[in-house]
Amino acid sequence: MMTKSGASNRDVKKINRIRTMRSIFDCDRISQPELAAKVGNSWPTVLQNVKELMEMGLVQEVGTFESTGGRKAKAFAPVRNARYAVGLEITQNHIGAVLADLSGELVRFERKKRPFERSDTYAAMLAELVQSLLAKEDCPPEKVLGVGISLPGILDRDEQTLVYSHALGLRNVPVEEFSRHIPFPCRFINDANAAGLAEFRGQQSPRSVVYLSLSNSVGGSIFTGGSLYGGEHLRAGEFGHMTLVPDGRPCYCGKRGCLDAYCSAKVLSDRTDGNLALFFDGLRAGNPDLQAAWNEYLSYLAVAVNNLRMIFDCDVIVGGYVGGFLSEFGAPLRELLAQHNTFEPDSGYLKCSRYKLESSALGAALVHIEAFIQSL
1 MMTKSGASNR DVKKINRIRT MRSIFDCDRI SQPELAAKVG NSWPTVLQNV KELMEMGLVQ
61 EVGTFESTGG RKAKAFAPVR NARYAVGLEI TQNHIGAVLA DLSGELVRFE RKKRPFERSD
121 TYAAMLAELV QSLLAKEDCP PEKVLGVGIS LPGILDRDEQ TLVYSHALGL RNVPVEEFSR
181 HIPFPCRFIN DANAAGLAEF RGQQSPRSVV YLSLSNSVGG SIFTGGSLYG GEHLRAGEFG
241 HMTLVPDGRP CYCGKRGCLD AYCSAKVLSD RTDGNLALFF DGLRAGNPDL QAAWNEYLSY
301 LAVAVNNLRM IFDCDVIVGG YVGGFLSEFG APLRELLAQH NTFEPDSGYL KCSRYKLESS
361 ALGAALVHIE AFIQSL
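Here full-length UniProt numbering is used: the first residue of the sequence shown is 1, the next is one more, and so on.
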């Protein structure tokens, strides 16, 4: 019983320390009374956690607040630059790279055009990109938690093998091929799951959220109880291969009628020589052909999003390349969703993504940041 009780007490202490840290990192600075109320513990308990976090260099005392009648309350603030994580997004033709601080905020984002190739030269270039990113921000290696790498495909449960990637033309490839030259701990994650993590950050657990990614392929991720749901075979969120139109357009997977064939970004960008931004420039200019294509695209997207709402009964975040334009061009989608909705008269559950091109790389970096926080 003593061992069990001891383990339980340690778990409670760890949970309280993490909650204290998150509460401080949620704001620029916070007073003693505010912190105790937010964490929901007595001040002596919170103070002990604050002292430990200060000893770790993660929290600092930053003066006092003005008195409201008694002694001035001490103010505490996060040390956001105490640690950093790097995130890389590998795509067929580009590489995205981010540097994120301990609060998960984006410090730097770069994207370079570089077609993927399975070679040692490519792997060495990834390592050079990481080092360049750190050098530009004067980030010392000892502050780097690790490098998260987002890949467009299905990974095995141990993150050791890229089981399948249509975009990269790979099957059963050891992920070490990507990280062999990177001198930091590396973690790997599916690109849509990574983007979902970035979008989910800051949401109040245990809310459930579905993320739909509309990039050059359609994917997604599911968060329930505050955690990513992977499914029995780690294929949960493969929304691109839901059948939207029976015996419809051919999909790259070999089937017909998949959502991917109707709602990938390529459906739009193929009309403007592969440049998605030009497609939306054309919409702004009032091009009638592009407007007709957009209306058709939205008609299919509305069915898919409504289906996700009916299945999961939670907010649906739409992101990816196309999702980045919905805040400007998504009003007709909301109207269609309201028409489709069986139970509600509106489309308030639809959320536009907070990020555009940087979401997957940021989500990959967050894997290391969250692991560090959970280790406190």
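Even glycine gets a Cβ: it sits at the ideal position worked out from N, Cα and C.
**Asked** Bridge partners of L99, per DSSP?
**Response** Stepping through the sequence shown from its first residue, residue 99 is reached at position 99. L99 pairs with V86, R108.
**Asked** Would D191 pass as a contact of G231 if the rule is Cβ separation under 8 Å?
**Response** Numbered from its first residue, the sequence shown carries residue 191 at position 191. Numbered from its first residue, the sequence shown carries residue 231 at position 231. Taking 8 Å as the Cβ cut-off, D191 and G231 do not qualify as a contacting pair.
**Prompt:** Taking only runs of the alpha helix (DSSP H) that begin and end inside the stretch 176–205, which ones reach a length of at least 4 residues, in chain order?
**Reply:** 176–179, 191–200
**Asked** Around the Cβ of N172, are there at least 16 other Cβ atoms within 10 angstroms (buried) or fewer (exposed)?
**Response** As a first step, residue 172 must be located in the sequence shown, where it is residue number 172. Label assigned to N172: exposed.
**Message:** Quick check on this structure: which residue in A361, F372, S375, I373 has the alpha carbon closest to the alpha carbon of V107?
**Reply:** Within the sequence shown, the letter at position 107 stands for residue 107. Of the listed residues, the one whose Cα sits closest to V107 is A361.
**Prompt:** Are G148 and I189 touching if we call contact CB-CB under 8 Å?
**Reply:** One-based indexing of the sequence shown puts residue 148 at position 148. One-based indexing of the sequence shown puts residue 189 at position 189. Cβ distance < 8 Å, so G148 and I189 count as in contact.
**Prompt:** How should R71 be labelled, buried or exposed, when 16 other C-beta atoms within 10 angstroms of its C-beta is the threshold for buried?
**Reply:** In the sequence shown, the residue the question calls residue 71 occupies position 71. It counts as exposed.
**Item:** Rounded Cβ spacing between V12 and E358 (contact assumed at less than 8 Å)
**Value:** As a first step, residue 12 must be located in the sequence shown, where it is residue number 12. As a first step, residue 358 must be located in the sequence shown, where it is residue number 358. Going by Cβ atoms, the distance from V12 to E358 rounds to 37 Å, so no, they are not a contact pair.
**Prompt:** First and last residue of the beta strand (DSSP E) that includes R271?
**Reply:** As a position in the sequence shown, residue 271 is number 271, starting the count at 1. First-last for R271: undefined, no H or E at that position.
**Request:** Reducing DSSP to helix, strand and coil, say where T342 ends up.
**Result:** The residue labelled residue 342 in the question sits at position 342 within the sequence shown. Three-state DSSP puts T342 in coil, outside helix and strand.
**Item:** the stretch 128–136 contacting the stretch 150–157, beta-carbon criterion three pairs below 8 Å
**Value:** no
**Prompt:** Per the contact definition of three or more C-beta pairs closer than 8 Å, is the stretch 110–125 in contact with the stretch 50–68?
**Reply:** no
**Prompt:** Q131 by DSSP, collapsed to three states: which one?
**Reply:** If you number the sequence shown from 1, residue 131 lands on position 131. In this structure, Q131 counts as helix in the three-state DSSP scheme.
**Request:** For the alpha helix (DSSP H) holding N49, just list the boundary residues, first then last.
**Result:** For the purposes of this step, residue 49 is taken as the residue at position 49 of the sequence shown. 43–55 is the extent of the alpha helix (DSSP H) around N49.
**Local conformation of S165 per DSSP, three classes** = Numbered from its first residue, the sequence shown carries residue 165 at position 165. Strand at S165.
**Request:** Can you have a look at residue 457 and say buried or exposed, based on whether 16 or more other CB atoms are within 10 angstroms of its CB?
**Result:** No answer is possible for residue 457: it lies beyond the span of the chain, which begins at 1 and ends at 376.
**D247, buried or exposed, once every other Cβ within 10 Å from all chains shown has been counted against 16** = Position 247 of the sequence shown, counted from the start, is the residue given in the question as residue 247. Result: exposed.
**Request:** Take every Cβ of the stretch 238–258, pair it with every Cβ of the stretch 277–290, and state whether three or more of those distances are shorter than 8 Å.
**Result:** no
**Request:** State the beta-bridge partners of V218 as determined by DSSP.
**Result:** Against the sequence shown, residue 218 aligns to sequence position 218. Bridge partners of V218: L214.
**Message:** Rounded to whole angstroms, what is the Cα-Cα separation between C263 and V305?
**Reply:** Here residue 263 refers to the residue found at position 263 when the sequence shown is read from its first residue. Here residue 305 refers to the residue found at position 305 when the sequence shown is read from its first residue. If I take the Cα positions, the gap works out to 11 Å.
**Asked** Looking only at C-alpha atoms, which of E34, L47, I30, L276 sits nearest to N16?
**Response** Stepping through the sequence shown from its first residue, residue 16 is reached at position 16. Minimum Cα distance to N16 is reached at L47.
**Prompt:** Looking at I317 and L145, is the spacing between their C-beta atoms short of 8 Å?
**Reply:** By 1-based counting over the sequence shown, the position of residue 145 is 145. By 1-based counting over the sequence shown, the position of residue 317 is 317. Not a contact, by the Cβ cut-off of 8 Å.
**Prompt:** Based on Cα-Cα distance, which residue from L212, V79, K356 lies nearest to E328?
**Reply:** On the sequence shown, residue 328 is found 328 positions in, with the first residue counted as 1. Here the closest residue by C-alpha is K356.
**Message:** DSSP three-state label for F76, please.
**Reply:** Here residue 76 refers to the residue found at position 76 when the sequence shown is read from its first residue. Looking at F76 - three-state DSSP - the assignment turns out to be strand.
**Item:** Distance between P332 and D158 (C-alpha atoms, nearest Å)
**Value:** Reading the sequence shown from its first residue, position 158 is the one you call residue 158. Reading the sequence shown from its first residue, position 332 is the one you call residue 332. Computed Cα separation, rounded: 42 Å.
**Prompt:** Do F223 and G202 have their C-beta atoms within less than 8 Å of each other?
**Reply:** Locating residue 223 in the sequence shown gives position 223, where the first residue counts as 1. Locating residue 202 in the sequence shown gives position 202, where the first residue counts as 1. Cβ distance not < 8 Å, so F223 and G202 don't count as in contact.
**Request:** Compute the distance between the beta-carbons of I18 and I24, then report whether it is under 8 Å.
**Result:** Position 18 of the sequence shown, counting from 1, holds the residue named residue 18. Position 24 of the sequence shown, counting from 1, holds the residue named residue 24. No, they are not a contact pair.
**Prompt:** Any idea what DSSP makes of H368, helix, strand or coil?
**Reply:** By one-based count along the sequence shown, residue 368 stands at place 368. Helix at H368.
**Request:** Taking all protein chains shown into account, decide if A285 is buried (16 or more other Cβ within 10 angstroms of its Cβ) or exposed.
**Result:** Sequence index remark: in the sequence shown, residue 285 carries index 285 (1-based). The residue in question, A285, is exposed, as its Cβ has fewer than 16 Cβ neighbours within 10 Å.
**Message:** Let me confirm a value: G226 is counted as buried when at least 16 other C-beta atoms fall within 10 Å, else exposed. Which label applies?
**Reply:** For the purposes of this step, residue 226 is identified with residue 226 of the sequence shown, where counting begins at 1. Exposed, because fewer than 16 other Cβ atoms sit within 10 Å of the Cβ of G226.
**Asked** Count the other CB atoms within 10 Å of the CB of E199; is the residue buried (16 or more) or exposed (fewer)?
**Response** Taking the sequence shown and counting its residues from 1, the one referred to as residue 199 is at position 199. E199 comes out buried.
**Boundaries (first-last residue) of the alpha helix (DSSP H) holding R309** = The count along the sequence shown starts at 1 and reaches residue 309 at position 309. Per DSSP, R309 belongs to the alpha helix (DSSP H) from 288–312.
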